[in-house]
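J.: If you read the protein sequences in the order shown, they are chains A and B.
335 is the number of the first residue of the first sequence in the numbering used here; add one for each residue after it.
-16 is the number of the first residue of the second sequence in the numbering used here; add one for each residue after it.
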Amino acid sequence: MNIQRLSWKNIIERPMSTFMSLLLLTLGVSIISLLLILNTQLDQTFKKNITGIDMVVGAKGSPLQLILASVYHIDNPTGNIPLKEAKELAAHPLIEKAIMMAYGDNYAGYRILGTDLSYIDHYEGELMMGKMYTKKFEVVLGAKTAQNLSLKVGDEFFGNHGSSENGEQHTENSYRVVGILKVSETVLDNLIFTQIESVWGIHEHEEEDSRDEKAKDEQAHEHEKGEEHEQDGDHEHEESKEITSMLLKWRSPMAMISLPRMINEETSMQAALPAIEVNRLFQLFAVGISTIRLIAIAIMVISAISVFVSLYNSLKDRKYEMALMRSMGASRGQLLWMVLFEGIILSVLGYVLGIGLSRLGIIMLSQVFVEDYHYELSASTFLLEEGWLFVISLGIGILAALIPGIQAFNINISETLADG
Amino acid sequence: MIRSSSLSFSYNEQNTFNFPDIQADAAHPLLILGGSGVGKTTFLHLLAGLLRPKSGKIIIGERNISSMSTRELDKFRGGHIGLVFQRSHFVSSLNVRDNLRLSQYLARERQNPDLIREILERLNLGNKLDQKTYRLSIGEQQRVAIARAVLNDPDVILADEPTSALDDANADEVISLLEEAAHAARAALVIVTHDQRLRDRISNRVELS
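The structure is reproduced here in structure tokens:
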């Protein structure tokens, strides 16, 4: 028997108020920890994937949607832009690097991105096995795509139209896996890469059909186009070819002043700046996050009050007990420590349970994220801020126990025993 | 052995208690009798070092406890004074065994489960070790309190109205047990009470008035 053991026994002797205090502490800690982890990991992911991309050009529409679609691959594209215009812009003297992207298809929910190898280079993707694509309909898989779809080099599959896996299947041409990338912890991991020509190739027939319907009077012209389709890669064909968007890196910051405005006003395309859009997105999040944070802080404060009330009440009942302990040789310090330690036990338990609960929450959220966005959250990280959260929890426990503890310290033995 | 001389105490200016000198040892238990309001409990708390006297001396064993610091007194009480109260109180979150172990711990004695078992068996409580104290009858509680009072081999056992809540049979038993236990521990026994039933049990008496 010792004081710490006695504190523990006292706590489990009053299960209901202990449960209440623990519940509140656990909730407060877990919500704050969950917010910290979400905020940090989303921030990291969002910032990591825009490094080196100064501007994105795509069809007119919502700039945020353009960024979400072209950089993070989690929204639908705003539309298509003419290849010709894109090429002209890419040749602009203020542009250092331009990566063209075209998509339209997916396989089992994983987007098939038509682009050149500079896209993979941009995110420093490296091959784990196989080789990079060199021909139409050859594809390279991101690490998680390959893993989750159990695809290996040499496998073949048909793409589905659009970004939903329920889209119509293109059965004319199959894709063949020629390479698989290493894990990069960037957007590369969850994509399927192929040449832009593959995307065009797949959709040739459809374009032809729709054009047939739209422009019946242009039959002669249409016929000509059809011929061109057969001899793919023809120079004149570029007139009508389209891509989805283009990632750009400026040669100098000067470009920021003139280029976006020029593009938005003088072309059929729109320019969006990832840094600005991501900030806008985080500002939208921030309102929600700070609301939830306030609620969590309120819960922590209530938990402190609950610990205080629980100890204070039990102390009234145990006043005689404490005088008795003094008569049995306990020092004032021992009684103070007994009460403080009860507060410490509650706060440490509440913290441990809260961190456990937040990890459980992250694992569950991660499943939703993976399903919807192919984005995984890590539950195994421990943030420095969570260390601070421990100090705060401990502080709450000690603070709440301090007043009852001081009362125990100052108890009048004789008076209390005589009243009993 | 316990001895007091010219002890006085006051709660305030108007109200001063002067207590008779007393003496008790293992061979001579002492009964302090008195009605309510004459300062019986105050006297006992003085003897136990729970209150500070205004003047006078209390000697337990060879030590004068009236000159000790609070810290020294806490320490001394645990090892040298066994207390039994009218209504036994225990630490309610602990069972009988742990209450006694706590007593050993607070007195800075070695925690000795064998000794605890032995004493409880002697008091016919061998099967109550794992019970919570509030589940015991009042008679049983009083016996556990006696066990706790003698556990640390005290120099003196001070009992405050140990029998007044009990019926005749139980009162008789508790007094016998107290005497036996004090005798076995070679401790001086001092009982403070208004219970006239005890008058004939102990020949060495002091009346407070």
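The beta carbon of each residue, even a glycine, is placed where N, CA and C say it ideally should be.
Report yes or no: do three or more beta-carbon pairs, one from the stretch 713 to 723 of chain A and one from the stretch 648 to 659 of chain A, lie closer than 8 angstroms?
T.: Counting Cβ pairs under 8 angstroms, fewer than three are found: no touch.
J.: Closest to residue 133 of chain B by CA distance: which of B:111, B:151, B:105, B:152 is it?
T.: Closest option to residue 133 of chain B, Cα to Cα, is B:105.
J.: Do residue 40 of chain B and residue 177 of chain B have their beta-carbon atoms positioned less than 9 angstroms apart in this structure?
T.: No, Cβ-Cβ distance for residue 177 of chain B and residue 40 of chain B is not below 9 angstroms.
J.: Hey, residue 731 of chain A and residue 679 of chain A: beta-carbon distance below 9 angstroms or not?
T.: Yes, they are a contact pair.
J.: Starting from residue 599 of chain A, follow its DSSP beta bridges and name the residues at the other end.
T.: Answer is none; residue 599 of chain A lacks a bridge partner.
J.: Given a limit of 8 angstroms on CB to CB distance, which residues of the stretch 74 to 86 of chain B reach chain A?
T.: Against chain A - using a Cβ distance shorter than 8 angstroms - the residues of the stretch 74 to 86 of chain B are 74, 75, 76, 77, 81, 84, 85, 86.
J.: Where do the N-terminal and C-terminal ends of the beta strand (DSSP E) with residue 583 of chain A fall, by residue?
T.: Element bounds for residue 583 of chain A: 579 to 584.
J.: Where does residue 364 of chain A land, buried or exposed, given buried means 16+ other C-beta within 10 angstroms?
T.: When all chains shown are included, residue 364 of chain A counts as buried.
J.: If you measure from the CB of residue 170 of chain B, is any heavy atom of the ligand ZN nearer than 8 angstroms?
T.: Only the bare structure without any ligand can be found here, which leaves the ligand ZN out of the picture.
J.: Smallest Cα separation from residue 410 of chain A: which of A:447, A:384, A:427?
T.: Comparing Cα-Cα distances from residue 410 of chain A to each of A:447, A:384, A:427, the minimum goes to A:447.
J.: Verify the CB distance criterion: does residue 665 of chain A have a CB-CB separation below 9 angstroms to chain B?
T.: For residue 665 of chain A, the answer is yes, since a Cβ of chain B falls inside 9 angstroms of its Cβ.
J.: Contact criterion: CB-CB distance below 9 angstroms. Does residue 646 of chain A meet it with respect to chain B?
T.: Not closer than 9 angstroms to any Cβ of chain B, the Cβ of residue 646 of chain A fails to qualify, so no.
J.: Under 7 angstroms Cβ to Cβ from residue 136 of chain B, same chain only, skipping five residues before and after it: list those, please.
T.: Counting only Cβ-Cβ distances below 7 angstroms, and skipping sequence neighbours, we find 168.
J.: Using the Cα positions of residue 453 of chain A and residue 353 of chain A, report the straight-line distance between them to the nearest angstrom.
T.: Going by the C-alpha atoms only, they are around 54 angstroms apart.
J.: Counting Cβ pairs closer than 8 angstroms, one from the stretch 475 to 495 of chain A and one from the stretch 521 to 533 of chain A, do we hit at least three?
T.: Touching, yes, given that three or more Cβ pairs across the two stretches are closer than 8 angstroms.
J.: Distance check for residue 470 of chain A and residue 529 of chain A, CA to CA, integer angstroms please.
T.: For residue 529 of chain A and residue 470 of chain A, the distance between alpha carbons rounds to 6 angstroms.
J.: On the DSSP bridge assignment, give the partners of residue 352 of chain A in chain order.
T.: BP columns for residue 352 of chain A are empty, so no partner.
J.: Indicate the three-state DSSP secondary structure (helix, strand or coil) for residue 456 of chain A in the structure shown.
T.: Residue 456 of chain A: helix per DSSP, three-state reduction.
J.: Would residue 346 of chain A count as contacting chain B if we go by Cβ distances under 9 angstroms?
T.: Closer than 9 angstroms to some Cβ of chain B, the Cβ of residue 346 of chain A qualifies, so yes.
J.: With 16 as the cutoff for other CB atoms within 10 Å, does residue 748 of chain A come out buried or exposed?
T.: Under this definition residue 748 of chain A is a buried residue.
J.: Short of 7 angstroms Cβ to Cβ, which residues in the stretch 32 to 44 of chain B face chain A?
T.: Listed by position, the residues of the stretch 32 to 44 of chain B near chain A (Cβ gap below 7 angstroms) are 33, 34.
J.: For residue 565 of chain A, is the classification buried or exposed, using 16 other Cβ atoms within 10 angstroms of its Cβ as the cut-off for buried?
T.: Legend: pLDDT at residue 565 of chain A = 44, less than 50; position of this residue unreliable, no value from coordinates given.
J.: Evaluate the contact criterion for the stretch 484 to 492 of chain A versus the stretch 502 to 522 of chain A: three or more CB pairs, one atom per stretch, below 8 angstroms.
T.: The stretch 484 to 492 of chain A, when compared against the stretch 502 to 522 of chain A, does touch it at the 8 angstroms Cβ threshold.
J.: Can you check which of these residues, B:121, B:0, B:90, is closest to residue -11 of chain B by C-alpha distance?
T.: Comparing Cα-Cα distances from residue -11 of chain B to each of B:121, B:0, B:90, the minimum goes to B:0.
J.: What separation, rounded to the nearest whole angstrom, lies between the Cα atoms of residue 589 of chain A and residue 635 of chain A?
T.: When rounded, the distance between both Cα atoms is 51 angstroms.
J.: Does the beta-carbon of residue 194 of chain B have 16 or more other beta-carbons within 10 angstroms, so that it is buried, or is it exposed?
T.: Look at the range of chain B in this structure, -16 to 192, and you will see that residue 194 of chain B is not part of it.
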